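S.K.:
In the UniProt record's numbering, the protein residues as written are 1 to 200.
(1) Rounded to whole angstroms, what's the CA-CA distance from residue 85 to residue 119? Just pull it up for me.
(2) Counting only the same chain and skipping the five closest in sequence on each side, list residues whose C-beta sits under 6 Å from that of residue 61.
(3) Near residue 148, what residues of its chain come up, given a Cβ to Cβ distance below 6 Å and the 5 sequence neighbours on each side ignored?
(4) Terminal residues of the continuous alpha helix (DSSP H) containing residue 48?
(5) Put residue 138 into one of helix, strand or coil per three-state DSSP.
(6) Taking the continuous alpha helix (DSSP H) assigned at residue 110, which residues delimit it?
(7) Quick one: what does DSSP say residue 133 is sitting in, helix, strand or coil?
(8) Just to confirm before moving on: does the CB-CB distance between residue 137 and residue 48 stay below 8 Å?
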């Protein structure tokens, strides 16, 4: 039998680690209703990959780099855009929603923001083709995909910003409480000893 501690206290190794629990809470996000909006945007982005990005070439064709994509002279910005959408706007967003890890939300935000830039470059590259080129201009899938990834970026920005603000407020409250406790301990002064221990 393990010896019981005085007053039935919990041993130190079994005591709850409040600091660790607080850090766990700080590392998670709570998107609330915004999670539904993000999920809908992710589903719509997947659908845009099945739509034409240029001519009859779909987003999945651009992603795989098959013969249809090569025949329509798909430029590098379009390929990078589709890969960023798949990796960050879709995969990272789903992982962030499922795990609610703050770091994954940051990754989804950063990747979606970069994808927004490449989406704009993709549309621009399809609109500035040489006069003698037979390639097609931007398709409905490319335009809708760019609009959706921009909207997704703003959704993740709000979620991450709200969490960051809450963390900063919590840190400020902890600093204020610590300073107040230290001030109280100074005003309390040293503990007085027995009357016989005091100097005349």
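Glycine included, each C-beta is placed from N, C-alpha and C at the ideal position. Please read these numbers as outputs of a predicted model, since none were measured by experiment.
M.R.: Reading it off the structure:
(1) 9 Å
(2) 68, 69
(3) 41, 44, 45
(4) 34–50
(5) strand
(6) 102–127
(7) coil
(8) no
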